[in-house]
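Beneath this line is the structure, given in structure tokens, with notes to follow.
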Amino acid sequence: MKNRKKTGLYIHVPFCVRKCPYCDFYSVASSKEKLYEQYADAVIRNIKRYVRENPEIFFETVYFGGGTPSLLPVYLYEKIMSEISLYTDFERSEITIELNPGTSDEDKLRKLRSIGINRLSVGIQSAKDNELKYLGRIHDFTQAKNIINDAYSAGFENISADLMIGVREQTMESLMFSIDRLTELPLKHISAYMLKIEEGTEYFKNGMSELVPDEDLVADMYLALVEKLKEKGYFQYEISNFSRKGYESRHNLRYWHCESYIGIGPSAHSYFNNKRYEVLGNLSEFILSDCQKEIINDENPDDFFEIAMLQLRLTEGLDTKLYPRYSEKIIKRATKLEKAKLISVSDGVISMTPEGFLISNSVITELLADF
Amino acid sequence: MANDKIRNFCIIAHIDHGKSTLADRILEKTQTVAIRDMEEQLLDNMDIERERGITIKARAVKLLYKAQDGIEYTFNLIDTPGHVDFNYEVSRSLAACEGAILVVDASQGIEAQTLANTYLAIEHDLEVVPVVNKIDLPSADPERVCNEVENIIGIPAMDAPRISAKMGINIEEVLEKIVKEVPPPVGDETAPLKALIFDSYYDSYKGVIIYVRVKEGTVKTGDRIRLMATGAEFTVVEAGCMDATNHINKNILEAGEVGYIAASIKNIADTQVGDTVTSCENPCDEPLPGYRKVNPMVFSGIYPADGSKYVDLREALEKLRLNDASLSFEPETSIALGFGFRCGFLGLLHMEIIQERLEREYNLDLITTAPSVIFKINLTSGETVYIDNPTNYPDVSLIQSAEEPMVKAEILAPSEFVGNIMELCQNRRGVFKTMDYLDDTRVNIHYELPLNEIVYDFFDALKSRTRGYASFDYELIGYAPSKLVKLDILLNGDAVDALSFIVHSENAYARARKMVEKLKENIPRQMFEIPVQAAIGGKIIARETIKAMRKDVLAKCYGGDITRKKKLLEKQKEGKKRMRQLGTVEVPQEAFMSVLKLDE
Numbered sequence: 001m002k003n004r005k006k007t008g009l010y011i012h013v014p015f016c017v018r019k020c021p022y023c024d025f026y027s028v029a030s031s032k033e034k035l036y037e038q039y040a041d042a043v044i045r046n047i048k049r050y051v052r053e054n055p056e057i058f059f060e061t062v063y064f065g066g067g068t069p070s071l072l073p074v075y076l077y078e079k080i081m082s083e084i085s086l087y088t089d090f091e092r093s094e095i096t097i098e099l100n101p102g103t104s105d106e107d108k109l110r111k112l113r114s115i116g117i118n119r120l121s122v123g124i125q126s127a128k129d130n131e132l133k134y135l136g137r138i139h140d141f142t143q144a145k146n147i148i149n150d151a152y153s154a155g156f157e158n159i160s161a162d163l164m165i166g167v168r169e170q171t172m173e174s175l176m177f178s179i180d181r182l183t184e185l186p187l188k189h190i191s192a193y194m195l196k197i198e199e200g201t202e203y204f205k206n207g208m209s210e211l212v213p214d215e216d217l218v219a220d221m222y223l224a225l226v227e228k229l230k231e232k233g234y235f236q237y238e239i240s241n242f243s244r245k246g247y248e249s250r251h252n253l254r255y256w257h258c259e260s261y262i263g264i265g266p267s268a269h270s271y272f273n274n275k276r277y278e279v280l281g282n283l284s285e286f287i288l289s290d291c292q293k294e295i296i297n298d299e300n301p302d303d304f305f306e307i308a309m310l311q312l313r314l315t316e317g318l319d320t321k322l323y324p325r326y327s328e329k330i331i332k333r334a335t336k337l338e339k340a341k342l343i344s345v346s347d348g349v350i351s352m353t354p355e356g357f358l359i360s361n362s363v364i365t366e367l368l369a370d371f
Numbered sequence: 001m002a003n004d005k006i007r008n009f010c011i012i013a014h015i016d017h018g019k020s021t022l023a024d025r026i027l028e029k030t031q032t033v034a035i036r037d038m039e040e041q042l043l044d045n046m047d048i049e050r051e052r053g054i055t056i057k058a059r060a061v062k063l064l065y066k067a068q069d070g071i072e073y074t075f076n077l078i079d080t081p082g083h084v085d086f087n088y089e090v091s092r093s094l095a096a097c098e099g100a101i102l103v104v105d106a107s108q109g110i111e112a113q114t115l116a117n118t119y120l121a122i123e124h125d126l127e128v129v130p131v132v133n134k135i136d137l138p139s140a141d142p143e144r145v146c147n148e149v150e151n152i153i154g155i156p157a158m159d160a161p162r163i164s165a166k167m168g169i170n171i172e173e174v175l176e177k178i179v180k181e182v183p184p185p186v187g188d189e190t191a192p193l194k195a196l197i198f199d200s201y202y203d204s205y206k207g208v209i210i211y212v213r214v215k216e217g218t219v220k221t222g223d224r225i226r227l228m229a230t231g232a233e234f235t236v237v238e239a240g241c242m243d244a245t246n247h248i249n250k251n252i253l254e255a256g257e258v259g260y261i262a263a264s265i266k267n268i269a270d271t272q273v274g275d276t277v278t279s280c281e282n283p284c285d286e287p288l289p290g291y292r293k294v295n296p297m298v299f300s301g302i303y304p305a306d307g308s309k310y311v312d313l314r315e316a317l318e319k320l321r322l323n324d325a326s327l328s329f330e331p332e333t334s335i336a337l338g339f340g341f342r343c344g345f346l347g348l349l350h351m352e353i354i355q356e357r358l359e360r361e362y363n364l365d366l367i368t369t370a371p372s373v374i375f376k377i378n379l380t381s382g383e384t385v386y387i388d389n390p391t392n393y394p395d396v397s398l399i400q401s402a403e404e405p406m407v408k409a410e411i412l413a414p415s416e417f418v419g420n421i422m423e424l425c426q427n428r429r430g431v432f433k434t435m436d437y438l439d440d441t442r443v444n445i446h447y448e449l450p451l452n453e454i455v456y457d458f459f460d461a462l463k464s465r466t467r468g469y470a471s472f473d474y475e476l477i478g479y480a481p482s483k484l485v486k487l488d489i490l491l492n493g494d495a496v497d498a499l500s501f502i503v504h505s506e507n508a509y510a511r512a513r514k515m516v517e518k519l520k521e522n523i524p525r526q527m528f529e530i531p532v533q534a535a536i537g538g539k540i541i542a543r544e545t546i547k548a549m550r551k552d553v554l555a556k557c558y559g560g561d562i563t564r565k566k567k568l569l570e571k572q573k574e575g576k577k578r579m580r581q582l583g584t585v586e587v588p589q590e591a592f593m594s595v596l597k598l599d600e
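Just so you know, the sequences run in chain order A and B.
Just so you know, our numbering puts 257 at position 257 of the first sequence, and the rest follows in order with no gaps.
Just so you know, our numbering puts 444 at position 444 of the second sequence, and the rest follows in order with no gaps.
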């Protein structure tokens, strides 16, 4: 165990019942079992290759993301999990699957839990059905609520839910209502994303940006959410992530801490062997090739700018004492931002306030202007 | 050469009346340019000239025409700029001719520059030959236009050639008119040399090439010549004439001829347009009349958007000045914009052209400050200072009185727009002088206006209020007392020197309001709230607030796609570099540009 090379494993499951109008992740709408099988075979082929080339590897975290991972039948997860069983620890590793409330039942949840998956991330998004309709979700809130309760009784103790800020027709009241409903559920973790209308999505084409709450309201909602979640015992540890103490997502923390992870599946991203690369977003290419096609994005990652911009996303902040070359300049620039209550500085550690997180791009580019 | 076979003429017209097209047709008809080499508007060879349809620098070309009388004549066609900014250059070009073809658009009729240029031609004793162009247009009314020429200008026009330069109709008739009506040059080729410089340009191999009209005497290769205004002396290397695309060295130019001289002249400043060339050995008694130094009227600061391009900007300006002696510039520093140049221009169009050439030909990204005229300030000490830069405006307590330059403006427009025009001129502190009816539907309105009121956006405003029908011309008439104030703009409490300007006290409030509104529109929300204020001597008279930015965040984690986040942030960092950091405020280039066009 000591000499093993710890890393994370991200498996992108690129299938959806249908595409959500705001989503720009890679996925295809398909329910062909044959295709699922071919896909799982390809995942296994690629895992085999990685472990062959890196026999000392150990997956501290495993994350099935999507797409809609819960679409894939359980027997395929069995195959994948048995493939990695020698390279992870079903008890101690964090093994997450993303779940769409419209695509599972209690039976499936029990099976998933029994094969070693120990964390769920459920895309609830809102407790208001009118908002869910605008988001193009295939479930209503009652379904979502039932799934969470079912999962909990099926043995999932670590459950996360997604919540969306800035949905059409959302108001401060409806957001507070959603938070109240969500925090009544047995959740350990909540991710709250501000809706961003990405180019190329259906929302973008339909001019949704005119119809959603404006920048000022979304900002106010975010601040109110941070406050309210804290009251309910969910502490912010990253721009969009909140949890009970000790239940921070270990897989996501790997991203922010500049730690390695291997991505498998079309469009999955990796940071491994000191390179950042991504898999070509093409399902048939992935299924047909022996080895997934990986495109290098960054030959020399892990520079100070990258470390700092990631660290600043976390409430733990950036400890400038670790970077004496830059610390003096950064601390000098921080003064102005501290006065404006965008960051706080304590013992050389810079961390953003919720107000700072809201405009974190500007804060980061200001602090790290010439690095 | 027998002078009676020479005709020296130019073509004058209002912008877009077809001057350059007619020049093209004349070149074609006289076979000066083989048809296959014919490129539209051959004389205008700068890109900007072609796009804007204006002629910036005068040019000259020699043509041979076999007339109906069987005799071959030598035509020297001297192209002239049509725009008011280049009035002095027009007048020097005219002084090199005996005749002028006046081109008038058959549907537009007489316009402001038609009048201005015709009066200039008459002042120079030129034979004016009217030509009605664009008869192919459905709206053409050549009869009415000929009547206008007779009634308004007072020159016979009933037998004016009715042509279409575009379609090549009746060009022959124009050529015959030139032979019959333009008088041949007079001048004694044995007299002491007296030649007028009407244009010059810099050739990287031969040095400055001067274009001259020899009035008296002869100049030959090897002669020592003196340029009388500057006193500079040179030895002639080449003397010859120009066809449409080449220089042809003949080693001699005689009285009556138009041609070029190359004399290894290094510095374009030695060769002032309007100066007289004479011989060192046998100089003439006095120079030709009419030389004056051209003085810039409009000043503005030009800064590289990227401070590290300062040296490139200087080199570009130096190169432009080699071809344009009327451009002046000297280094200046702004707290807001860093190192740049205070540049002087003949007028607004000249300024725009220089900016455009710097950006296009030299690939520079520029920030320009609001144009200023030269104010005359009488100090309490009894001293008088001339201020072309708001930064140097003296403290109010030191000012006894202030004066600003005035122009006489002539606006020609359909009579239905008189109300709009008067409203505009009154708003710009104009003083109405007279109004003449050119015919039943068109008027010529005379106003006296402060130059400062027209340097910003007067012409654009005029066009938008008259649906583009008005034409406009102006000439400087001197200084008049005025109540001026210096308006400062403050961002987040700090004055931005590059945004200060001098304005009449009555307009200060309105201008201040517009400035702060425009800046609010054009400065993006930032991490802090930014007050935008306008002040006169410390007193705030207008204020807007740019609210603090609320949301600028990459919230989502795309399955660990860190590189995308990093690239987005690096792009944002790059974007910051293009902004000017003024104290704590980042100001984009567009914000500086937006305050130059306040009228909408």
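Glycine is no exception: its CB is placed at the ideal position from the N, C-alpha and C atoms.
{"query": "For Ile421/B and Ile445/B, believed in contact at Cβ under 8 Å, the rounded distance", "result": "6 Å"}
{"query": "Beta carbon proximity, Glu366/A to chain B, threshold 9 Å", "result": "yes"}
{"query": "Cβ pair Ile546/B, Met515/B closer than 9 Å", "result": "no"}
{"query": "Cβ of Asp552/B within 9 Å of any chain A Cβ", "result": "yes"}
{"query": "Helix, strand or coil at Lys205/A [DSSP, three-state]", "result": "helix"}
{"query": "Endpoints, beta strand (DSSP E) assigned at Asn147/B", "result": "First-last for Asn147/B: Pro142 to Glu148, but that is the alpha helix (DSSP H), not the beta strand (DSSP E)."}
{"query": "Meets three-Cβ-pair contact criterion under 8 Å: the region 553-568 of chain B and the region 352-371 of chain A", "result": "yes"}
{"query": "Close beta carbons around Ser505/B, own chain, < 6 Å, minus the five adjacent residues each side", "result": "Lys483 and Val485"}
{"query": "Residue-chain proximity (His139/A, chain B), Cβ-Cβ < 9 Å", "result": "no"}
{"query": "Helix, strand or coil at Ala534/B [DSSP, three-state]", "result": "strand"}
{"query": "Alpha carbon of Gly256/B to alpha carbon of Ile163/B, nearest angstrom", "result": "29 Å"}
{"query": "Short-range partners of chain B found in the region 220-252 of chain A, where Cβ spacing is below 7 Å", "result": "Ile239, Ser240 and Asn252"}
{"query": "Supposed contact pair Ile97/A and Thr59/A - C-beta distance, whole angstroms, cut 8 Å", "result": "Note that residue 59/A corresponds to Phe in the displayed sequence, not to Thr. Contact flag wrong, Cβ pair sits at about 14 Å."}
{"query": "First and last residue of the uninterrupted alpha helix (DSSP H) at Phe304/A", "result": "Phe304 to Gln311"}
{"query": "Below-9 Å beta-carbon distance, Val218/A vs any chain B residue", "result": "yes"}
{"query": "Sequence-distant residues of its chain with Cβ nearer than 7 Å to Glu148/B (five each side left out)", "result": "Gly109, Ile110, Leu438 and Asp439"}
{"query": "Exposure of Glu98/B, with buried meaning 16 or more beta-carbon neighbours within 10 Å", "result": "buried"}
{"query": "Inside the region 244-317 of chain B only - beta strand (DSSP E) runs reaching at least 3 residues", "result": "247-249, 252-254, 258-265, 276-279 and 298-304"}
{"query": "CB contact check: Met527/B to chain A, cutoff 9 Å", "result": "yes"}
{"query": "Chain-order list of residues whose beta-carbon lies under 6 Å from that of Tyr26/A (same chain, five-residue window excluded)", "result": "Pro14, Pro266, Ser267 and Gly281"}
{"query": "In DSSP terms, what Thr68/A is bridged to", "result": "BP columns for Thr68/A are empty, so no partner."}
{"query": "Element boundaries [alpha helix (DSSP H), containing Ile47/A]", "result": "Glu33 to Glu53"}
{"query": "Chain B contact for Val122/A (CB, 9 Å cutoff)", "result": "no"}
{"query": "Supposed close pair Ile353/B, Ala305/B - CB separation, criterion 8 Å", "result": "Not quite, the Cβ-Cβ distance comes to about 19 Å (not below 8 Å), so this is no contact."}
{"query": "9 Å Cβ cutoff met for Ile454/B and Leu348/B", "result": "yes"}
{"query": "Closer than 8 Å at the beta carbon, the chain B residues around Leu342/A", "result": "Met527"}
{"query": "Test: His269/A CB closer than 9 Å to a CB of chain B", "result": "yes"}
{"query": "Rounded straight-line distance, which links the Cα of Val373/B to that of Asn492/B", "result": "29 Å"}
{"query": "C-beta contact flag for Val219/B and Leu193/B at 9 Å", "result": "yes"}
{"query": "Partner residues on chain A for Lys576/B, Cβ-Cβ distance less than 7 Å", "result": "Thr365 and Ala369"}
{"query": "Simplified DSSP state of His12/A, which is helix, strand or coil", "result": "strand"}
{"query": "Whole-number beta carbon distance between Ala336/B and Ala498/B, since they are thought to touch under 8 Å", "result": "4 Å"}
{"query": "Chain A within 9 Å of Ile562/B, Cβ atoms only", "result": "yes"}
{"query": "Chain B residues whose Cβ lies nearer than 8 Å to that of Phe357/A", "result": "Val553"}
{"query": "Proximity winner among Gly348/A, Leu318/A and Met309/A, relative to Ala369/A (alpha-carbon distances)", "result": "Met309/A"}
{"query": "Rounded straight-line distance, which links the Cα of Ser209/A to that of Leu283/A", "result": "30 Å"}
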